[in-house]
Structures are given as C-alpha cells and as structure tokens.
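Quick note: the sequence shown uses this note's numbering, first residue 8, plus one each step.
Virtual Cβ for every residue (Gly too), placed ideally from N, Cα, C.
Each remark here refers to the structure printed beneath this line.
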Amino acid sequence: MTADSPAELAPDDAVVVSEEATGDSVNRLEEEGEVAADYLEELMDIADIDGDIDIEVRNGRTYISIVSDEVGSNLQSLVGDAGEVLEALQELTRLSVLSATESRSRLVLDISGYRQERNVELTKIAADAVEQVQKQGGQVSLPPMGAYERKIVHDAIAELGCLSDSEGEGADRHIVVSAAQ
Numbered sequence: 008m009t010a011d012s013p014a015e016l017a018p019d020d021a022v023v024v025s026e027e028a029t030g031d032s033v034n035r036l037e038e039e040g041e042v043a044a045d046y047l048e049e050l051m052d053i054a055d056i057d058g059d060i061d062i063e064v065r066n067g068r069t070y071i072s073i074v075s076d077e078v079g080s081n082l083q084s085l086v087g088d089a090g091e092v093l094e095a096l097q098e099l100t101r102l103s104v105l106s107a108t109e110s111r112s113r114l115v116l117d118i119s120g121y122r123q124e125r126n127v128e129l130t131k132i133a134a135d136a137v138e139q140v141q142k143q144g145g146q147v148s149l150p151p152m153g154a155y156e157r158k159i160v161h162d163a164i165a166e167l168g169c170l171s172d173s174e175g176e177g178a179d180r181h182i183v184v185s186a187a188q
C-alpha cells in the first residue's frame, strides 16, 4: 500500500481533501461565472443593451443576474414572452461555458428579476394545487413547464405536505400533485 492510499489516510486528512474539493468546486463555479459574464457582456454590446451583470455562487450553482437602473431599459427584450428568450439565452450561455471550460454548467440566468417574480408565481401555483388536492382529493395536473420551474414547484409541494411527480415528455412534461399517503 502507498502512503496516499485511502486506507492509510487519517480522518482529518479526509476532511482536508473534502475541503480542497469544495474549494476547487467553488473556483470552477467562479470561472463559469466569469466566462458567462464575458459572453453575455459581448452579446449585450452587440445588441446595444445596457445592464449590469452580477455573479453569485450559492448552493453549488452559478447565478448570473442582469439588471438595469435605467428607466425604459430594453433588458425586457432578453426575457421575451413567458421567459422564452431568457431560457434560450441561458442555454446559449451554458454552451459558451462548455466551450471555454469543457465542463457542463448548471448556471442560472436571471434578467430584471424575472426568475424571482416567476418563483413567487410558481409557489402560488403549487399552493393552489395542494389546496385543491386537500379539499377535493384525487390528483391535480399542472401546466407543462421546464425542468428548473418543475424543481421549484416540486420543492414547494413537498414543503406543503403533498406528493408530486413529473409526467409526459419534452415540452409536455408537467407535474401531477397528489395527497401524501
């Protein structure tokens, strides 16, 4: 056995390795944020859109926010109807990060607080579905939504004491809410 083999590491060594891995992870996420911010800044320059880009690393993800204090800012054009442009821009940004780092990214992009506002709406949708299930029994199917939004709804439903499953494929994937057993 070598001195570096796992069987010969003291428990304290394992903690240090774990902390180093966490530090590497944070550094990787910070690098993702920098690459994403550079990509978005270039895109905004081409489109002549003004805004400030904020980068935050939390919960094992990179969060990029684009905001503007200017009245009449054209940032809303980067959100689109029901966040369609925002979702596409997020995917393009993830591809840019993949190209630069050779590592898949789970970064989340928010523009003008759209995702924050949408999270409030999604939490209300979850609460309404739970209330309906609790009053009437059975199941409630919610409208189709993307993976990120489904995650938010699943978490809200679990907190409210009900069960949820995703059903369907592709653009028809939706959540079905039922009472806890």
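Check: Which of the three DSSP states, helix, strand or coil, is assigned to residue 117?
Finding: Reduced to three states, the DSSP call for residue 117 is strand.
Checklist line | Backbone secondary structure at residue 146 - three-state DSSP | finding: The three-state reading of DSSP puts residue 146 in strand, counting E and B together.
Margin query: Alpha carbons only, please: which of 40, 172, 73 is nearest the one belonging to residue 146?
Written below: Considering only alpha carbons, the answer is 172.
Next item on the list: With DSSP collapsed to three states, give me the class of residue 57.
Entry: If DSSP states are grouped into helix, strand and coil, residue 57 belongs with coil.
Next item on the list: Name the two residues that bound the continuous alpha helix (DSSP H) containing residue 162.
Entry: Where residue 162 is concerned, the enclosing alpha helix (DSSP H) stretches over 154-166.
Next item on the list: Could you have a look at residue 180 and say whether DSSP puts it in helix, strand or coil?
Entry: Here residue 180 sits in coil by DSSP.
Item checked: Reference residue 180; option with closest CA among 150, 161, 166 -> Closest option to residue 180, Cα to Cα, is 150.
Item checked: Which of helix, strand or coil DSSP assigns to residue 172 -> Residue 172 falls in the strand class under three-state DSSP.
Margin query: DSSP three-state label for residue 187, please.
Written below: Here residue 187 sits in coil by DSSP.
Item checked: Coil, strand or helix - residue 191 by DSSP -> No answer is possible for residue 191: the residues shown for the chain start at 8 and end at 188.
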